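If you count by my numbering, then the sequence shown holds residues 58 to 620, one letter each, in order. No residue lacks a Cβ here, since even glycine has one placed at the ideal position from N, Cα and C. On a predicted model such as this, the values are computed, not experimentally measured, just so you know. One structure below.
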Amino acid sequence: MTKEISFSGFILMAVMWTAYMITGYTESDTLIELDRPSVEVIKDINVNTSVGVIPVGEFAHKENIPVIAVTGISHESNSFSSQSATLERFGARIGEDPADRKERFFSGANSTTRGGGYIDGAEQFGLELYPGLLTGARPMGPVTDHAFETLMGELLAQLLAIPKLDGIILNLHGAMVVESYPSGDEEIARRVREAFGPDMPIVATHDFHANITPAMVEYTDVLITFKENPHVDTYDRGFQAAEIMAKIVRGEVNPVQVLKKPPMVYNIVFQSTFREPLLPITSESKRLEENEKILAVSVAGGYQYADVEWMGPSVIVVTDDDPILAKQEADRLSDMLWETRHQTTLSKPDPTEAVRMAMEHDERPVLLIDMGDNIGGGSTGDSTFLLEELLKQNAQGWAMVIADQEAYEVAEAAGIGEPFDFEVGGKTDDMHGAPVRVQGHVRSLHVGRYYEPEVRHGGGSFWNMSHTAVIQLDGSTLDEPNLLLLTQRPSSPNSAHQYISNGVYVERQKIIVAKGAIAPRAAYEPIASKLIPVDSPGVTAVNPAWFEYKYVREGLFGMNERE
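Below, the structure is given as structure tokens:
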């Protein structure tokens, strides 16, 4: 079931939650043939639950319908980032009144997000949703123990306070790393399972970039990931989770899960599910769900910036009490992934070559995808490598966004029309270039909120990129302006309205820079004459050889791209 967006729909919770249910990312030279042992896990659950429930206070509007909690802590954790995900980053409402939590959750009706799918699915299949703690932070470094334990305590306290509960939907990302836990998602599922026992139905939903562990399928009855990257199917996966949960609690199905993990890294450069080599595999996962014995099929690309044992792609097949079928199809899809390994060889231009290519291209606009500063993958949004090259090569008609609170404040203090002369970017750490001196004038100042009318990566419609200053650089003209947008914080480039709302006519510009990987494609493929993924340095550099991994399984194909 596909959901069309309605402008009259309400805003779903917070933009942070919708934006980072991941990311487009949340993306080689001579490769060595390896033996291919793979990981296999089979989960068979017998579920015995009652259909009738005791009404749960304000949350039960009808009698004798199943009550399903929806809860989760979502984070995509980059092991190489210098920025820790502290409690303050999550903005969680600890101790929130249940009525307020309910009102906030159900304001997501009519949205194209995962939450909108839960809500519509529950209504169609006769479930009563009980919203628990739902929180997330933008991708960055691992979650601190203090943040995790505080949020986990709140999550369990809210669930245990429900007088009668028939099932739990865990709204997770799948690539959370905690200081003390390689998989925060697994730890959440483990504690929830421990608290509610083996007979409580648990359906978990994950982002496409999940690093799924064998234990995760042991702690859940059903695990579903986004099928598409860019993530334009978030609503569908929420709806699917609600539908399967309804069948479980009514005793109509007995889910069996099989997980397969081929021994490879599926580089984020090749993780678009709308083109080769993943397109046929994604299409096959959808086709398999036409079989009434198959409840869900997920092919997750994995998240290569998490230095954990189970980093890498996964296949999960869930059937109705048919472990042989589940294993057969999981094996086949895993083989399909493995067979594409030689199509995932890295060969992308560096910043110098990418800018030259863009300048030489006759049509416009050209999109430069700054993959080393992929905000949706946990980067800082203040890399200056491409900015430096644009200035050095005297490119004309370009626009880019850099997150720099200090530079924004200088522009705001100067005021519209006034000169601007300040060093910009490269201030978070030493991985994203040095600050670059920018001279020009303040063209405009903006609140930084905008609306995206189409279904884009993550499904969100209402965005807040923070207060924004637009600087027009000296030496550029009105017909070929060089424009630098300075924001107070990083904001994933999932929508062209990030520029349009700030007065930038993207189709007129010669060059547009997007600090992402796959996520920007949904917005820019319809309008860009050419897209150039850039092999730029940074905490999300696409070549794994730039990083020192300590915990990833040995022998994964695609890890040594310098060889």
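| Check | Outcome |
| --- | --- |
| Can you tell which of 123, 430 and 398 has the C-alpha that lies nearest to the C-alpha of residue 184? | 123 |
| I think residue 351 touches residue 374, with their Cβ atoms under 8 Å apart; what is that distance to the nearest whole Å? | 7 Å |
| Assign residue 559 to one of two classes, buried (16 or more other C-beta atoms within 10 Å of its C-beta) or exposed (fewer than that). | buried |
| So does residue 320 have its beta carbon nearer than 7 Å to some heavy atom of the ligand FMN? | Among the components modelled here there is no ligand, and therefore nothing to report on the ligand FMN. |
| Counting only the same chain and skipping the five closest in sequence on each side, list residues whose C-beta sits under 8 Å from that of residue 489. | 429, 430, 436, 437, 439, 440, 441, 442, 482, 483, 594, 595 and 596 |
| Taking the beta carbon of residue 107 as the centre, do at least 16 other beta carbons fall within 10 Å, making it buried, or is it exposed? | Reliability fails at residue 107, whose pLDDT of 26 lies under 50, so the model's placement of it is uncertain and the value that follows must be treated cautiously. Exposed, by the Cβ-count rule. |
| DSSP three-state call for residue 66: helix, strand or coil? | Legend: pLDDT at residue 66 = 34, less than 50; position of this residue unreliable, no value from coordinates given. |
| Do the segment 369-384 and the segment 269-279 meet, that is, are 3 or more Cβ pairs less than 8 Å apart? | yes |
| From which residue to which residue does the alpha helix (DSSP H) around residue 342 run? | 336-345 |
| Within its chain, find whatever has a CB closer than 6 Å to the CB of residue 608; leave out the 5 residues flanking it on each side and keep chain order. | 364, 365 and 366 |
| Consult DSSP for residue 92 and reduce its assignment to one of helix, strand or coil. | In this prediction, residue 92 scores a pLDDT of 31, lower than 50, which makes its location untrustworthy; the coordinate-derived value is nonetheless stated afterwards. Here residue 92 sits in coil by DSSP. |
| Taking only three categories from DSSP, how would you classify residue 391? | helix |
| If you drop the 5 nearest sequence neighbours on each side, which residues of the same chain put their C-beta closer than 6 Å to that of residue 604? | 137 |
| Taking all protein chains shown into account, do 16 or more other C-beta atoms lie within 10 angstroms of the C-beta of residue 214, making it buried, or fewer, making it exposed? | exposed |
| So which of 485, 377, 327 and 324 has the shortest CA-CA distance to residue 348? | 377 |
| From this set, 320, 499 and 196, which residue's C-alpha is nearest residue 479's C-alpha? | 499 |
| Am I right that residue 387 and residue 317 are in contact with their C-beta atoms under 8 Å? What's the rounded C-beta distance? | 4 Å |
| Can you say whether residue 524 is buried or exposed, counting buried as having 16 or more other CB atoms within 10 angstroms of its CB? | buried |
| Just the Cα atoms here: how many angstroms apart are residue 545 and residue 469? | 11 Å |
| Where does residue 555 land, buried or exposed, given buried means 16+ other C-beta within 10 angstroms? | buried |
| Do residue 149 and residue 201 have their CB atoms nearer than 8 Å? | no |
| Looking at the secondary structure, which residues open and close the alpha helix (DSSP H) in which residue 161 lies? | 155-163 |
| Helix or strand or just coil, what does DSSP make of residue 550? | coil |
| Buried or exposed, going by whether 16 or more other CB atoms sit within 10 Å of the CB of residue 203? | exposed |
| Compare the beta carbon distance of residue 273 and residue 246 with 8 Å and say whether it is the shorter of the two. | yes |
| For residue 409, which beta-bridge partners are listed by DSSP? | Residue 409 pairs with nothing; no bridge assigned. |
| Taking Cβ positions only, does residue 196 come closer than 8 Å to chain B? | Among the protein chains of the structure shown there is no chain B, as only one such chain exists. |
| Below 8 Å, how does it come out for the segment 281-296 and the segment 165-175: are there three or more Cβ pairs, yes or no? | yes |
| Could I get the ranges of all uninterrupted alpha helix (DSSP H) runs contained in the segment 282-362, with 4 residues as the minimum, in chain order? | 291-306 and 336-345 |
| What would DSSP say about residue 445, mapped onto helix, strand or coil? | helix |
| Do you know whose CA, among 584, 586 and 132, lies nearest residue 208's CA? | 132 |
| Hey, could you find the ends of the beta strand (DSSP E) residue 457 is sitting in? | 455-460 |
| Using DSSP with H/G/I as helix, E/B as strand and the rest coil, what is residue 430? | helix |
| Kindly provide the ranges of any beta strand (DSSP E) runs that are 3 or more residues long and lie completely inside the segment 230-285, ordered along the chain. | 259-263 and 279-282 |
| Rounded to the nearest angstrom, what separates residue 415 and residue 562 at their Cα positions? | 18 Å |
| Measure the Cβ-Cβ separation of residue 539 and residue 362 and say whether it is below 8 Å. | no |
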